[in-house]
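**Q** Starting off with a structure, shown below.
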Amino acid sequence: MNRQQLLAELARPIVRDLAIIGGGATGLGLALDAAARGYSVVLVESHDFAKGTSSRATKLVHGGVRYLAQGNLALVREALHERTTLLRNAPHLAQPLPFVMPAYRWWERPFYGAGLKLYDGLAGAAGLGRAQWLNARETLACLPAARAQGLRGGIKYWDGQFDDARLAIALARTASARGALVVNYCAASQLIHEEGRVAGVHCEDRETGLRHTLKARCVVNATGVWVDALRQQDAATTGSPVAALVAPSQGAHLVVDQDFLPGEHALIVPRTSDGRVLFAVPWLGKLVLGTTDTPRRDLPLEPRPFSSEVDFILSEAGRYLSRAPRAQDVRSAWVGLRPLVRPLGQEVPRTQRLSREHTVLVSPSGLVTVTGGKWTTYRAMAEDVLDACIEHRLLPSTLSGVTADLRLVGAGLADGPDAARPLPRLSAPPGLHSYGSDGPAVLSLPGAARELAPGLTEAMVRFAARHEYARTVEDMLARRWRTLFLDARQAASLGHAVGALLYEETGVDPRLAEFQALAASYATTKSATSR
Ligand SMILES: Cc1cc2nc3c(=O)[nH]c(=O)nc-3n(C[C@H](O)[C@H](O)[C@H](O)COP(=O)(O)OP(=O)(O)OC[C@H]3O[C@@H](n4cnc5c(N)ncnc54)[C@H](O)[C@@H]3O)c2cc1C
């Protein structure tokens, strides 16, 4: 369906079962689960799919080693189970990755090793590989660029990694293939209430300014860190104010060349100088360093790192790598906002202690709000939301569990001809393989042999415009192809060519100037502000 057809569909005066506001991991996962169960579904996203937090993760499909330390075993077990489900249903976008924790103090190997054995135990049959104690030589074989001085050994364990934004697009496309109507650049502006009950939402097409009225039996607010805006709007109709649900905290990442940590193992620092966890993850041919956990009160769409966060990541990485990365080595710097759920009615504690578990709330008017959680558990979150909708009689009862074995677009068939062929690793640079079983469809488009940059062809831009909802240069170079997040200067240099192709495909302004300004800010850590 092209955009005109999507908007024509949106304008149909029908009452759908479910209207979802927000097109990140949470909203898109829910759209897929609901459509797969047979509900009629519409989802609107005010910007692009995954423009919010869902393109800014540390790229780990994980149980959460740090939650283990907090003793939250149920959360870890559920996430480990979901990890396996995701790896199975989207093998081109989510894969196992070995991690090594280097140990420089005598007690670290036995202490963390025991924890990681427990992690394996919790995974049970869903385990990806056994945790192993390594001596110093074996540790350096896995992490050749780790600091050798004082190294006593390490622990190797398995988790997963993924391409978050491409997974979001895959969810949107799979949901659409199951009958859901998913529309980006369409902002929910006003909830509709009828006789005290939420009955739909007014939204606005951000390209034309045209307003649409969406009626639905059940409305879900899946707007991530922004959920409180709609909750307050909803509460205003009943006259009883609501307390904020989200205590935002930002996490910064710095991307450097992979030769700072060659190989296919990620490095984890279990306890940084201020008690956090830091990762160095090989991803799409580069190395992602992060993250931080800094409370903030405002909710910008494009948060920038604080200079203290940049200094912290670089200095911690420098303690563990034989060659310390410097600010001028950073290819891209980006930040995500965590929708941490605030214990209602209490003061905000330090954000690292707030729960990552998701929360589902149903307001007196019937507005369903879901936030918190993590990317890894999006599918379990969708099931919980639908259970709540059914329990509150907002939706008729259906069979749950339908997405457990539902392969996403691009995954091909579990027993298809390509199933036995190993896929290139997600730690390697992207290419046609990133499209999984859609590769032949990409190759069939004009410009399949014309490269704009290594691995990126003209045909991929056309595919993004025709099949992946891309409208702007940013949509293409930030989320369909991840250059903005990997190398912002290279992304800027590609803007013009990508913009021309998109214009040819869509006929709308691809907003090149806006993208160039954004790329300039990702390319430098100098823009980092102090706090
Ligand atoms: C720094 C960091 C690192 C992380 N790393 C990991 C990790 O490695 N692994 C993992 O599993 N999880 C990770 N997470 C958690 C995970 O990324 C989030 O839990 C998840 O992306 C949240 O998705 P969401 O859909 O709830 O929110 P979002 O992705 O923010 O989506 C909400 C969407 O709602 C839209 N919206 C807002 N208002 C409106 C409106 N009025 N109308 C229409 N649309 C609207 C926004 O534009 C946005 O796209 C990380 C989080 C952070 C911050």
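Quick note, the sequence shown lines up with residues 1036 to 1566 if you use my numbering. Glycine included, every Cβ here is placed at the ideal spot set by N, Cα and C. None of these values were measured; they are calculated from a predicted model.
So, does the CB of R1266 fall closer than 8 Å to a CB anywhere in chain C?
**A** Going by chain labels, chain C is absent from the structure shown, which holds only one protein chain.
**Q** My understanding is that R1289 touches V1365, with C-beta atoms under 8 Å, so please give their C-beta distance in whole angstroms.
**A** Reading the sequence as shown, one finds Leu at residue 1289 and not Arg. That belief holds up - the Cβ atoms of L1289 and V1365 are roughly 5 Å apart, short of 8 Å.
**Q** Closer than 8 Å is the cut-off here; do at least three beta carbon pairs connect the stretch 1191-1199 with the stretch 1154-1169?
**A** The stretch 1191-1199 is in contact with the stretch 1154-1169.
**Q** Does the structure place the stretch 1129-1145 close enough to the stretch 1206-1223 that three or more beta carbon pairs sit under 8 Å?
**A** Output reads no: the stretch 1129-1145 does not touch the stretch 1206-1223.
**Q** Out of curiosity, what's the CA-to-CA distance linking L1461 and T1326?
**A** Using only the alpha carbons, I get a separation of about 19 Å.
**Q** In this structure, how does DSSP classify Q1040 when only helix, strand and coil are distinguished?
**A** Looking at Q1040 - three-state DSSP - the assignment turns out to be helix.
**Q** Going by CA-CA distance only, name the one from T1243, R1377 and K1321 that's closest to A1278.
**A** Comparing Cα-Cα distances from A1278 to each of T1243, R1377 and K1321, the minimum goes to R1377.
**Q** Does ligand 1 have a heavy atom nearer than 7 Å to the CB of R1331?
**A** No, Cβ of R1331 sits at least 7 Å from all heavy atoms of ligand 1.
**Q** Between E1509 and ligand 1, is there a pair consisting of the residue's CB and a ligand heavy atom that are separated by less than 7 Å?
**A** Result no, Cβ not under 7 Å from ligand 1.
**Q** Tell me, please, whether the stretch 1040-1060 touches the stretch 1242-1260 by the rule of three or more beta-carbon pairs shorter than 8 Å.
**A** Yes: the two stretches touch, three or more of their Cβ pairs being nearer than 8 Å.
**Q** Just tell me which of A1558, R1187, P1465 and T1061 has its CA closest to the CA of R1515.
**A** Cα-wise, what sits closest to R1515 is P1465.
**Q** For A1223, which three-state DSSP category applies?
**A** Looking at A1223 - three-state DSSP - the assignment turns out to be strand.
**Q** When every heavy atom of ligand 3 is checked, does at least one fall within less than 7 Å of the C-beta of H1247?
**A** By its list of ligands, the structure shown excludes ligand 3, since it contains just ligand 1.
**Q** Is there at least one non-hydrogen atom of ligand 1 closer than 7 Å to the beta-carbon of W1410?
**A** Flag set: Cβ of W1410 near ligand 1.
**Q** Would you identify the three-state DSSP class for A1552, choosing helix, strand or coil?
**A** It is helical.
**Q** For G1286, is the beta carbon positioned less than 7 Å from some heavy atom of ligand 1?
**A** G1286 Cβ: within cutoff of ligand 1.
**Q** What does a CB cutoff of less than 6 Å around R1331 pick up in its chain, not counting 5 residues either side in sequence?
**A** Closer than 6 Å at Cβ, skipping near neighbours: P1283 and Q1285.
**Q** Looking at L1480: is its Cβ nearer than 8 Å to the Cβ of R1497?
**A** Contact flag set, yes.
**Q** Would you give the residue range spanned by the beta strand (DSSP E) that K1191 belongs to?
**A** Counting along the chain, the beta strand (DSSP E) containing K1191 begins and ends at G1188 to F1197.
**Q** Round the Cβ separation of E1044 and C1221 to the nearest angstrom and send it over; I've been treating them as touching at under 8 Å.
**A** In fact, because the Cβ distance is near 12 Å, the residues do not count as touching under 8 Å.
**Q** State the Cα-Cα distance for the pair R1172 and P1179, rounded to the nearest angstrom.
**A** Approximately 10 Å between the Cα atoms of the pair.
**Q** Are at least three pairs of beta-carbons, each pair with one atom in the stretch 1342-1359 and one in the stretch 1081-1095, less than 8 Å apart?
**A** With a cut-off of 8 Å, the stretch 1081-1095 and the stretch 1342-1359 do not count as touching, because too few Cβ pairs lie within range.
**Q** How about S1081: is its Cβ closer than 7 Å to a heavy atom in ligand 1?
**A** Yes, the Cβ of S1081 comes within 7 Å of a heavy atom of ligand 1.
**Q** DSSP state of L1163, grouped into three classes?
**A** In this structure, L1163 counts as coil in the three-state DSSP scheme.
**Q** In the structure shown, what three-state DSSP assignment does H1237 receive?
**A** Three-state DSSP puts H1237 in a strand.
**Q** Which whole-angstrom value is the C-beta distance of D1472 and A1488, which I expect to be below 8 Å?
**A** In the sequence under discussion, the amino acid at residue 1472 is Ser, which differs from the Asp named in the question. That pair is no contact at about 24 Å.
**Q** Give every residue of the same chain whose Cβ lies closer than 6 Å to the Cβ of S1398, excluding the five residues on either side of it in the sequence, and list them in chain order.
**A** Taken in chain order, the residues that qualify are D1269.
**Q** Give me the residue from A1548, S1469, A1287 and S1435 with the minimum Cα distance to R1091.
**A** The candidate whose alpha carbon is nearest that of R1091 is A1287.
**Q** In angstroms with no decimal places, state the Cα-to-Cα distance between G1099 and L1115.
**A** The straight-line gap from Cα to Cα measures roughly 8 Å.
**Q** Starting from N1256, follow its DSSP beta bridges and name the residues at the other end.
**A** According to DSSP, which records beta bridges pairwise, N1256 is partnered with I1056 and T1404.
**Q** Between E1418 and the rest of its own chain, which residues show a CB-CB distance below 6 Å, the 5 nearest in sequence each way excluded?
**A** S1435.
**Q** At what residue ranges does the stretch 1308-1366 contain a whole run of the beta strand (DSSP E), taking only runs of 3 or more?
**A** If we require 3 residues or more, the beta strand (DSSP E) runs fully inside the stretch 1308-1366 come out as 1313-1318 and 1321-1325.
**Q** First and last residue of the beta strand (DSSP E) that includes I1303?
**A** From DSSP, the beta strand (DSSP E) with I1303 extends over A1301 to V1304.
**Q** Going by the DSSP bridge assignment, what does K1250 pair with across the sheet?
**A** K1250 is bridged to V1050 and G1235.
**Q** Using a Cβ-based criterion (distance less than 7 Å to any ligand heavy atom), does L1372 qualify as near ligand 1?
**A** Checking every heavy atom of ligand 1 against the Cβ of L1372, one is found closer than 7 Å.
**Q** On the criterion of 16 or more Cβ atoms from any shown chain inside 10 Å, does T1273 qualify as buried, or is it exposed?
**A** So T1273 ends up on the exposed side.
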